[in-house]
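Per my numbering, the very first residue in the sequence shown carries number 321; after that it's consecutive. Ideal placement from N, C-alpha and C gives every residue a C-beta, glycine not left out.
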Amino acid sequence: MPELPEVQTIINNLLKAKITSSKITKVEFFKTKVLKNCTPNEFSKFLINEKITDIERIGKYIIFKLTHNKQMVVHLRMEGKLFYESMSKQLEKRFLMLSIQFANKHRLSYYDMRMFGTFHIFLDNKYLISKEIKKVAIDPLNSKFNGKYLMDRCKNISKAIKTTLLDQTIVSGIGNIYADEILFASKIYPLTKPKELSKQDFDNIAKNAKKILKEAIKYKGTTVASYKFDPNHTGGFQNKLKVHTHANQPCPICKTIIKKIKVNGRGTYYCPSCQKPVGK
(Lines of atoms letter the chains of each structure in order from A; the text may use other names.)
(Lines give C-alpha, C1' and ligand atoms only; values in the text may rest on other atoms or scores of the structure.)
Protein backbone atom coordinates (compact mmCIF):
# COMPACT_ATOMS: atom_id res chain seq x y z
CA MET A 321 0.00 0.00 0.00
CA PRO A 322 -0.29 2.29 -1.94
CA GLU A 323 -1.04 0.01 -4.89
CA LEU A 324 -1.59 0.89 -8.56
CA PRO A 325 -4.94 2.70 -8.14
CA GLU A 326 -3.62 4.80 -5.25
CA VAL A 327 -0.43 5.72 -7.13
CA GLN A 328 -2.41 6.64 -10.24
CA THR A 329 -4.82 8.72 -8.14
CA ILE A 330 -1.91 10.62 -6.61
CA ILE A 331 -0.53 11.34 -10.10
CA ASN A 332 -3.94 12.45 -11.37
CA ASN A 333 -4.37 14.72 -8.34
CA LEU A 334 -0.94 16.36 -8.77
CA LEU A 335 -1.53 17.00 -12.47
CA LYS A 336 -5.00 18.40 -11.78
CA ALA A 337 -3.42 20.79 -9.25
CA LYS A 338 -1.13 22.07 -12.06
CA ILE A 339 2.13 21.06 -10.39
CA THR A 340 3.72 21.53 -13.85
CA SER A 341 3.09 25.28 -13.86
CA SER A 342 6.05 26.64 -11.87
CA LYS A 343 9.83 26.37 -11.36
CA ILE A 344 11.35 24.65 -8.37
CA THR A 345 13.09 27.19 -6.12
CA LYS A 346 14.18 25.30 -3.03
CA VAL A 347 14.41 21.86 -1.43
CA GLU A 348 14.24 21.35 2.33
CA PHE A 349 15.34 18.10 3.98
CA PHE A 350 14.08 16.79 7.30
CA LYS A 351 15.18 13.17 6.89
CA THR A 352 17.69 12.31 4.15
CA LYS A 353 17.17 8.53 4.31
CA VAL A 354 14.72 8.85 1.43
CA LEU A 355 17.53 9.71 -1.05
CA LYS A 356 19.02 6.60 -2.64
CA ASN A 357 21.45 7.57 -5.39
CA CYS A 358 22.54 11.09 -4.50
CA THR A 359 23.46 13.42 -1.66
CA PRO A 360 21.09 16.17 -0.43
CA ASN A 361 23.26 18.77 -2.17
CA GLU A 362 23.22 16.84 -5.46
CA PHE A 363 19.46 16.39 -5.21
CA SER A 364 18.87 20.11 -4.60
CA LYS A 365 21.11 21.19 -7.48
CA PHE A 366 19.41 18.67 -9.75
CA LEU A 367 15.92 20.07 -9.06
CA ILE A 368 16.33 23.82 -8.48
CA ASN A 369 15.32 26.01 -11.47
CA GLU A 370 13.71 23.06 -13.23
CA LYS A 371 10.01 22.50 -13.90
CA ILE A 372 8.02 19.30 -13.65
CA THR A 373 6.74 18.76 -17.20
CA ASP A 374 4.76 15.56 -16.69
CA ILE A 375 4.21 12.66 -14.30
CA GLU A 376 4.03 9.02 -15.38
CA ARG A 377 3.88 5.65 -13.67
CA ILE A 378 5.70 2.33 -14.06
CA GLY A 379 4.05 -0.20 -11.75
CA LYS A 380 4.05 1.52 -8.37
CA TYR A 381 6.92 3.88 -9.28
CA ILE A 382 6.07 7.55 -9.87
CA ILE A 383 8.17 9.16 -12.63
CA PHE A 384 8.44 12.96 -12.43
CA LYS A 385 9.62 14.27 -15.80
CA LEU A 386 11.62 17.51 -15.46
CA THR A 387 12.99 20.05 -17.91
CA HIS A 388 16.41 19.33 -19.47
CA ASN A 389 15.57 15.61 -19.71
CA LYS A 390 15.83 15.00 -15.99
CA GLN A 391 13.73 12.51 -14.05
CA MET A 392 12.90 12.08 -10.36
CA VAL A 393 11.67 8.57 -9.54
CA VAL A 394 9.67 8.03 -6.35
CA HIS A 395 8.38 4.88 -4.67
CA LEU A 396 5.99 5.41 -1.76
CA ARG A 397 6.46 1.93 -0.26
CA MET A 398 4.13 1.27 2.70
CA GLU A 399 3.21 4.67 4.09
CA GLY A 400 4.57 7.38 1.78
CA LYS A 401 2.41 10.41 0.96
CA LEU A 402 2.96 13.26 -1.52
CA PHE A 403 0.99 16.45 -0.84
CA TYR A 404 1.03 19.54 -3.09
CA GLU A 405 -0.29 22.56 -1.23
CA SER A 406 0.06 26.27 -0.66
CA MET A 407 3.04 27.42 1.37
CA SER A 408 0.65 29.63 3.32
CA LYS A 409 -0.59 26.46 5.00
CA GLN A 410 1.27 25.60 8.19
CA LEU A 411 3.79 22.83 7.52
CA GLU A 412 3.06 19.64 9.43
CA LYS A 413 6.52 18.35 10.34
CA ARG A 414 5.52 15.02 11.86
CA PHE A 415 6.76 12.29 9.51
CA LEU A 416 7.94 14.95 7.00
CA MET A 417 11.05 13.86 5.08
CA LEU A 418 11.49 16.51 2.40
CA SER A 419 9.70 19.46 0.85
CA ILE A 420 10.14 20.82 -2.68
CA GLN A 421 9.18 24.48 -3.05
CA PHE A 422 7.92 26.20 -6.21
CA ALA A 423 7.95 29.79 -7.44
CA ASN A 424 4.14 29.89 -7.31
CA LYS A 425 4.29 29.65 -3.49
CA HIS A 426 3.33 25.98 -3.40
CA ARG A 427 5.31 22.99 -2.18
CA LEU A 428 5.38 19.25 -2.75
CA SER A 429 6.00 17.58 0.59
CA TYR A 430 6.81 13.93 1.22
CA TYR A 431 5.63 12.28 4.45
CA ASP A 432 6.53 8.76 5.50
CA MET A 433 5.83 7.34 8.95
CA ARG A 434 7.92 4.21 8.31
CA MET A 435 10.60 5.96 6.22
CA PHE A 436 10.64 3.17 3.61
CA GLY A 437 10.03 5.37 0.56
CA THR A 438 12.71 6.09 -2.03
CA PHE A 439 13.75 9.02 -4.25
CA HIS A 440 16.15 8.57 -7.18
CA ILE A 441 17.34 11.08 -9.78
CA PHE A 442 18.31 10.26 -13.38
CA LEU A 443 19.39 11.99 -16.58
CA ASP A 444 18.44 11.15 -20.17
CA ASN A 445 15.84 8.48 -19.28
CA LYS A 446 18.45 6.26 -17.67
CA TYR A 447 15.85 5.33 -15.08
CA LEU A 448 14.54 2.87 -17.67
CA ILE A 449 17.69 0.77 -17.32
CA SER A 450 18.08 1.24 -13.56
CA LYS A 451 18.03 -1.88 -11.41
CA GLU A 452 14.83 -0.66 -9.78
CA ILE A 453 12.80 -0.14 -12.95
CA LYS A 454 14.09 -2.69 -15.43
CA LYS A 455 12.83 -5.62 -13.32
CA VAL A 456 9.28 -4.23 -13.07
CA ALA A 457 6.79 -6.16 -15.19
CA ILE A 458 3.90 -4.61 -17.11
CA ASP A 459 0.74 -3.91 -15.12
CA PRO A 460 -2.88 -4.98 -15.80
CA LEU A 461 -3.74 -1.64 -17.42
CA ASN A 462 -1.10 -2.17 -20.09
CA SER A 463 -2.62 -3.11 -23.46
CA LYS A 464 -0.24 -6.10 -23.66
CA PHE A 465 -1.54 -7.59 -20.42
CA ASN A 466 -3.94 -10.47 -20.96
CA GLY A 467 -4.52 -14.07 -19.91
CA LYS A 468 -1.91 -15.44 -22.29
CA TYR A 469 0.74 -13.03 -21.01
CA LEU A 470 -0.01 -14.02 -17.43
CA MET A 471 -0.10 -17.74 -18.18
CA ASP A 472 3.21 -17.59 -20.05
CA ARG A 473 4.86 -15.75 -17.13
CA CYS A 474 3.70 -18.00 -14.31
CA LYS A 475 2.26 -21.28 -15.61
CA ASN A 476 5.13 -23.32 -14.11
CA ILE A 477 5.28 -21.52 -10.77
CA SER A 478 4.65 -23.71 -7.73
CA LYS A 479 4.01 -20.96 -5.17
CA ALA A 480 0.47 -19.75 -4.43
CA ILE A 481 -1.34 -17.66 -7.05
CA LYS A 482 -1.91 -14.97 -4.38
CA THR A 483 1.85 -14.70 -3.81
CA THR A 484 2.46 -14.77 -7.57
CA LEU A 485 0.17 -11.79 -8.19
CA LEU A 486 2.13 -9.80 -5.61
CA ASP A 487 5.43 -10.45 -7.43
CA GLN A 488 6.19 -7.18 -9.24
CA THR A 489 8.53 -8.98 -11.66
CA ILE A 490 5.57 -11.00 -12.97
CA VAL A 491 2.82 -8.39 -12.92
CA SER A 492 3.24 -4.95 -11.40
CA GLY A 493 0.88 -2.71 -9.48
CA ILE A 494 -1.14 -5.35 -7.63
CA GLY A 495 -0.83 -5.44 -3.85
CA ASN A 496 -2.56 -7.33 -1.06
CA ILE A 497 -5.96 -5.63 -1.28
CA TYR A 498 -6.50 -5.99 -5.00
CA ALA A 499 -5.07 -9.52 -5.20
CA ASP A 500 -7.82 -10.67 -2.83
CA GLU A 501 -10.51 -8.87 -4.82
CA ILE A 502 -9.22 -10.15 -8.17
CA LEU A 503 -9.08 -13.76 -7.00
CA PHE A 504 -12.56 -13.54 -5.50
CA ALA A 505 -13.99 -12.14 -8.74
CA SER A 506 -12.18 -14.94 -10.64
CA LYS A 507 -13.45 -17.65 -8.22
CA ILE A 508 -9.91 -18.88 -7.51
CA TYR A 509 -8.69 -20.19 -4.16
CA PRO A 510 -5.69 -18.02 -3.12
CA LEU A 511 -3.43 -20.99 -2.31
CA THR A 512 -3.90 -22.56 -5.75
CA LYS A 513 -0.63 -22.96 -7.65
CA PRO A 514 -0.49 -21.20 -11.04
CA LYS A 515 0.48 -24.45 -12.74
CA GLU A 516 -2.89 -25.86 -11.63
CA LEU A 517 -4.85 -23.11 -13.40
CA SER A 518 -6.44 -23.29 -16.84
CA LYS A 519 -6.19 -20.81 -19.70
CA GLN A 520 -9.71 -19.69 -18.80
CA ASP A 521 -8.60 -19.04 -15.22
CA PHE A 522 -5.77 -16.80 -16.43
CA ASP A 523 -8.17 -15.02 -18.79
CA ASN A 524 -10.51 -14.38 -15.86
CA ILE A 525 -7.71 -13.07 -13.66
CA ALA A 526 -6.55 -10.68 -16.39
CA LYS A 527 -10.08 -9.48 -17.16
CA ASN A 528 -10.96 -8.93 -13.49
CA ALA A 529 -7.64 -7.26 -12.72
CA LYS A 530 -8.29 -4.65 -15.42
CA LYS A 531 -11.89 -4.13 -14.32
CA ILE A 532 -11.20 -3.85 -10.58
CA LEU A 533 -8.14 -1.59 -10.89
CA LYS A 534 -9.98 0.77 -13.26
CA GLU A 535 -12.94 0.95 -10.89
CA ALA A 536 -10.61 1.58 -7.93
CA ILE A 537 -9.04 4.52 -9.80
CA LYS A 538 -12.54 5.86 -10.46
CA TYR A 539 -13.12 5.90 -6.69
CA LYS A 540 -9.66 7.39 -6.04
CA GLY A 541 -8.16 4.29 -4.43
CA THR A 542 -8.75 2.32 -1.26
CA THR A 543 -8.18 3.57 2.27
CA VAL A 544 -8.12 0.79 4.86
CA ALA A 545 -5.34 2.37 6.93
CA SER A 546 -3.57 5.66 6.25
CA TYR A 547 -3.73 6.29 2.49
CA LYS A 548 -4.65 9.84 1.45
CA PHE A 549 -4.17 11.49 -1.94
CA ASP A 550 -4.19 14.92 -0.32
CA PRO A 551 -4.27 16.00 3.34
CA ASN A 552 -8.08 16.17 3.43
CA HIS A 553 -9.20 13.30 1.22
CA THR A 554 -9.09 9.52 1.40
CA GLY A 555 -10.05 6.99 -1.26
CA GLY A 556 -13.54 5.57 -1.63
CA PHE A 557 -13.05 2.06 -3.03
CA GLN A 558 -12.97 0.51 0.46
CA ASN A 559 -16.76 0.75 0.30
CA LYS A 560 -16.73 -1.48 -2.79
CA LEU A 561 -14.51 -4.28 -1.44
CA LYS A 562 -16.15 -7.70 -1.61
CA VAL A 563 -13.86 -9.80 0.62
CA HIS A 564 -10.77 -7.90 1.75
CA THR A 565 -11.12 -6.95 5.46
CA HIS A 566 -14.52 -8.74 5.57
CA ALA A 567 -13.54 -11.79 7.66
CA ASN A 568 -16.49 -13.39 9.50
CA GLN A 569 -18.97 -11.52 7.30
CA PRO A 570 -21.26 -13.20 4.73
CA CYS A 571 -20.05 -13.47 1.14
CA PRO A 572 -21.93 -10.96 -1.06
CA ILE A 573 -22.57 -13.75 -3.61
CA CYS A 574 -23.45 -16.90 -1.65
CA LYS A 575 -23.65 -15.72 2.01
CA THR A 576 -20.96 -18.20 3.15
CA ILE A 577 -18.82 -16.66 5.91
CA ILE A 578 -15.63 -15.10 4.55
CA LYS A 579 -12.42 -16.48 6.01
CA LYS A 580 -9.04 -14.92 6.68
CA ILE A 581 -5.84 -16.94 6.31
CA LYS A 582 -2.15 -16.20 5.91
CA VAL A 583 -0.55 -16.67 2.49
CA ASN A 584 3.21 -16.19 2.61
CA GLY A 585 2.73 -13.99 5.67
CA ARG A 586 0.04 -11.78 4.11
CA GLY A 587 -3.47 -11.56 5.51
CA THR A 588 -5.72 -13.05 2.84
CA TYR A 589 -9.52 -13.00 2.59
CA TYR A 590 -11.63 -15.42 0.55
CA CYS A 591 -14.98 -17.18 0.33
CA PRO A 592 -14.68 -20.96 0.99
CA SER A 593 -17.69 -21.66 -1.25
CA CYS A 594 -16.98 -19.37 -4.22
CA GLN A 595 -13.21 -20.01 -4.16
CA LYS A 596 -12.74 -23.73 -3.75
CA PRO A 597 -9.35 -25.47 -4.08
CA VAL A 598 -8.72 -27.23 -7.39
CA GLY A 599 -10.40 -30.65 -7.43
CA LYS A 600 -12.73 -29.88 -4.50
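**Study point:** Entirely enclosed beta strand (DSSP E) segments - the stretch 375-426, minimum 3 residues
**Key:** Scanning the stretch 375-426 from its first residue to its last, the whole beta strand (DSSP E) runs of 3-plus residues come out as 381-386, 390-395, 401-406, 416-422.
Check your understanding: What residue does the alpha helix (DSSP H) around Ile532 start on, and which one ends it?
Key -> First-last of the alpha helix (DSSP H) with Ile532: 519-538.
Exercise for review: Compute the Euclidean distance between the alpha carbons of Phe465 and Lys454, then round it to the nearest angstrom.
Suggested key: Each residue's Cα considered, the two are about 17 Å apart.
**Study point:** Residue range of the alpha helix (DSSP H) that includes Phe363
**Key:** Counting along the chain, the alpha helix (DSSP H) containing Phe363 begins and ends at 360-367.
Practice item. Let me know the secondary structure DSSP gives Ser429 once reduced to three states. Key: Three-state result, Ser429: strand.
Check your understanding: Per DSSP, what kind of secondary structure is Leu335 in: helix, strand or coil?
Key -> DSSP places Leu335 in helix when its eight states are reduced to three.
**Study point:** Beta carbon of Tyr430 nearer than 7 Å to that of Phe415
**Key:** No, the pair does not count as a contact, with Cβ atoms beyond the cut-off.
Review point. If you count every other CB in all the chains shown that lies within 10 Å of the CB of Cys474, and 16 or more means buried, which is it?
Key: With a threshold of 16 other beta carbon atoms within 10 Å, Cys474 meets it and is buried.
Point to revise | Nonlocal neighbours in the same chain, by C-beta distance under 6 Å from Asn496, ignoring five residues either side | key: Here the set comprises Arg586.
Review point. Under 7 Å, do His440 and Lys356 count as touching if we go by C-beta distance?
Key: Pairing His440 with Lys356 gives a Cβ-Cβ distance under 7 Å.
Review point. So the beta strand (DSSP E) Tyr589 belongs to, where does it begin and stop?
Key: Where Tyr589 is concerned, the enclosing beta strand (DSSP E) stretches over 586-590.
Point to revise | Within 7 Å, strictly: CB atoms of Lys562 and Pro572 | key: Pairing Lys562 with Pro572 gives a Cβ-Cβ distance under 7 Å.
Exercise for review: Determine the extent of the alpha helix (DSSP H) in which Glu370 is found, giving its start and end residues.
Suggested key: Counting along the chain, Glu370 falls outside any alpha helix (DSSP H), and DSSP gives it neither H nor E.
Review point. If you run the structure through DSSP and keep just helix, strand and coil, what is Glu501?
Key: For Glu501, the three-state secondary structure derived from DSSP is helix.
Exercise for review: Have a look at Asn424, Lys515, Ala529, Phe504 and flag the residue whose alpha-carbon is nearest the alpha-carbon of Ser463.
Suggested key: Residue nearest to Ser463 within the set Asn424, Lys515, Ala529, Phe504 is Ala529 (criterion: CA-CA distance).
Check your understanding: Taking the C-alpha atoms as reference points, what is the distance between Val347 and Lys365?
Key -> Approximately 9 Å between the Cα atoms of the pair.
**Study point:** Glu326 (DSSP reduced to helix, strand or coil)
**Key:** Looking at Glu326 - three-state DSSP - the assignment turns out to be helix.
Exercise for review: Determine the direct distance from the alpha carbon of Asn584 to that of Val610, and round the result to whole angstroms.
Suggested key: Because the chain here runs from 321 to 600, residue 610 falls outside it and cannot be looked at.
Exercise for review: Report the residue from Ile490, Asn559, Ile344, Ile577 whose alpha carbon sits nearest the alpha carbon of Ala567.
Suggested key: Taking only the C-alpha atoms, the option nearest Ala567 is Ile577.
Practice item. Check whether the stretch 507-514 touches the stretch 443-460, counting contact only when three or more Cβ pairs, one atom from each stretch, lie closer than 8 Å. Key: As far as the Cβ criterion goes, the stretch 507-514 does not touch the stretch 443-460, which means the pair count is below three.
Point to revise | Residues near Cys591 in its chain [Cβ-Cβ closer than 6 Å; skip 5 each side] | key: So the qualifying residues of the chain are Cys571, Thr576, Ile578.
Review point. Is Pro597 helix, strand or coil when you go by DSSP?
Key: In this structure, Pro597 counts as coil in the three-state DSSP scheme.
Point to revise | When His395, Tyr589, Lys385, Ser492 are compared against Asn445, the one with the closest alpha-carbon | key: Of His395, Tyr589, Lys385, Ser492, the residue nearest in Cα terms is Lys385.
**Study point:** Thr299 versus Ala480, Ile368, Phe349, Ile375, residue with shortest Cα-Cα distance
**Key:** A question about residue 299 goes unanswered here, because the residues of the chain that appear run from 321 up to 600.
**Study point:** Continuous alpha helix (DSSP H) stretch holding Ile481: start and end
**Key:** 481-485 is the span of the alpha helix (DSSP H), which, as asked, contains Ile481.
Point to revise | Whole-angstrom distance between Met435 and Leu396, CA atom to CA atom | key: Approximately 9 Å between the Cα atoms of the pair.
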